[in-house]
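Chemist: Residue numbers (this note's numbering): 29 to 138.
Next comes the structure, spelled out in structure tokens:
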């Protein structure tokens with residue numbers, strides 16, 4: 029398995045005391061071997077169930093195609109941080125999410 033900055037970030041957040049649940053559409057088995065302390069879910073819905081914060085850290089198409097309104101019904105707090113600038117921020121905000129994307133100049137003004 030190649031290096032995964034997303035999994036490294038998840039492991040660091042968990043080490044700081046957060047409960048972290050991870051989803052990967054292709055490499056769960058390999059990721060579980062490399063990061064056995066992380067919680068893994070086999071689908072996006074289970075991953076988001078009762079989440080207080082969602083970090084989008086990979087560019088898989090499956091995540092870009094998510095329905096923000098449906099996903100909002102699963103989480104405790106509809107807060108999305110898009111670390112890849114891959115999601116449609118207007119769609120997520122219109123669905124009621126607090127949405128931030130790293131590296132977007134206009135994000136600081138919101």
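Note that the Cβ used here is the ideal one computed from N, Cα and C, for glycine as well. These figures come from a predicted structure and were not determined experimentally.
(1) Can we say the stretch 105 to 118 touches the stretch 78 to 86, given the rule of at least three CB pairs closer than 8 Å?
(2) Can you name the start and end residues of the alpha helix (DSSP H) that residue 117 belongs to?
(3) Measure the alpha-carbon distance for residue 71 versus residue 112 and round it to whole angstroms.
(4) Taking residue 66 and residue 50 to be in contact with their CB atoms under 8 Å, please state how far apart those CB atoms are, rounded to whole angstroms.
(5) Tell me, please, whether the CB atom of residue 47 is closer than 7 Å to any CB atom in chain B?
(6) Cα separation between residue 88 and residue 125?
(7) For the candidate residues 122, 110, 69, whose alpha-carbon lies nearest to that of residue 98?
Modeler: Well, looking at it:
(1) With the cut-off at 8 Å, the stretch 105 to 118 and the stretch 78 to 86 touch.
(2) 117 to 122
(3) 20 Å
(4) 5 Å
(5) In the displayed structure, chain B is absent; only one protein chain is listed.
(6) Put simply, the backbone Cα of residue 88 is about 20 Å away from that of residue 125.
(7) The candidate whose alpha carbon is nearest that of residue 98 is 122.
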